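Chains as they are written, first to last, in the working numbering: chain A, 275 to 382; chain B, 275 to 382. The structure under discussion appears below in the form of structure tokens.
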DNA sequence: TAGTTACGTAACAAGCAAGGTACATAGATC
DNA sequence: GATCTATGTACCTTGCTTGTTACGTAACTA
């Protein structure tokens, strides 16, 4: 949980994640979309990998980085502990639907 | 969005938020639950306040800090762009529901 | 008014994070 | 084997973050 939020706290890393939503990409491709040099992107990708948010596939001398959404589900679960608090303020009916979802996940 | 994730990245601040789920609290009360001194907690609360995650009520010489869940709803929306990705892996039917919500919110 | 309580902020030290440059490594190509 | 491409890492610098202590301020109490 700590590693996930730590990884998401950096805007460059969030940009990387958003790019990877469109599909896997190499470091060079990702660096082209950021205002920082490749070594910096490599570093960001390491943080993302250690947080489990991306995975690497070795393709010849390339590294294909792919999004791994599972940790975000963990963050979603964490958020769930607070979700009722803001949903109370917006839409009571909506809250019922959300609680149905929560029960299926069996959050503790 | 940046301020929210920045605020949540620190474990001490997440502890503060969790404490505030049980109801409003003073700085001294919050500091008692953390391994850091009151001035540090004051600083953390400032970050949380600037991110909109807490609000203060002046009660005599006390400051009553209260949780403000709205920014977490914003984070939830951000997560929504990724939610379909992990739900695909869990439950295809569920994904349909999520996409319905996304369309209604019209996130770009 | 003097003293106490609760709190914020200023000033300072220590640590970490993020960026860049230089370099090492692995695979493809010739 | 030499060279080019793609990438990771080491090293250095810089700036923010976090924590502490010292101090200033506002409100209650006597």
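All C-beta atoms in this analysis are idealised placements derived from N, C-alpha and C, irrespective of residue type, glycine included. Just so it is clear, the structure is predicted and the values come from calculations on it, not from any experiment.
Residues of the segment 275–293 of chain B with Cβ closer than 7 angstroms to any Cβ of chain A, in chain order | 276, 279, 280, 282, 283 and 285
If you draw a straight line from the C-alpha of residue 348(B) to the C-alpha of residue 285(A), how long is it?
-> 16 angstroms
Output the residue ranges of the alpha helix (DSSP H) runs that lie fully inside the segment 293–320 of chain B and measure 4 residues or longer, sorted by chain position.
-> 301–306
How would you list, in chain order, the residues of chain A whose beta-carbon sits under 7 angstroms from the beta-carbon of residue 343(B)?
-> 356, 359 and 360
Look at the alpha carbon of residue 316(B) and the alpha carbon of residue 330(B), and state the distance between them as a whole number of angstroms.
-> 12 angstroms
Might you give, ordered along the chain, the residues of its own chain that have their beta carbon closer than 8 angstroms to the beta carbon of residue 301(A), omitting 5 neighbours on each side?
-> 312, 315, 316, 319, 337 and 339
Whole angstroms is fine: what's the gap from residue 362(A)'s alpha carbon to residue 343(B)'s?
-> 10 angstroms
Is residue 333(B) helix, strand or coil by DSSP?
-> strand
When the distance is taken between beta carbons, is residue 280(B) closer than 9 angstroms to residue 293(B)?
-> no
Backbone CA spacing between residue 333(A) and residue 298(B) [nearest angstrom] | 54 angstroms
Kindly list, in the order they appear in chain A, the residues whose Cβ is closer than 7 angstroms to that of residue 346(B).
-> 353, 356 and 360
What does residue 349(A) touch in chain B if you count any residue whose Cβ is under 7 angstroms from its own?
-> 353
Quick one: Cα of residue 290(B) to Cα of residue 283(B), how far?
-> 12 angstroms
DSSP beta-bridge partners of residue 328(B) | 341(B)
Boundaries (first-last residue) of the alpha helix (DSSP H) holding residue 276(B) = 276–282
Are the Cβ atoms of residue 295(B) and residue 341(B) separated by less than 9 angstroms?
-> yes
Min CB distance residue 320(A) to chain B below 9 angstroms = no
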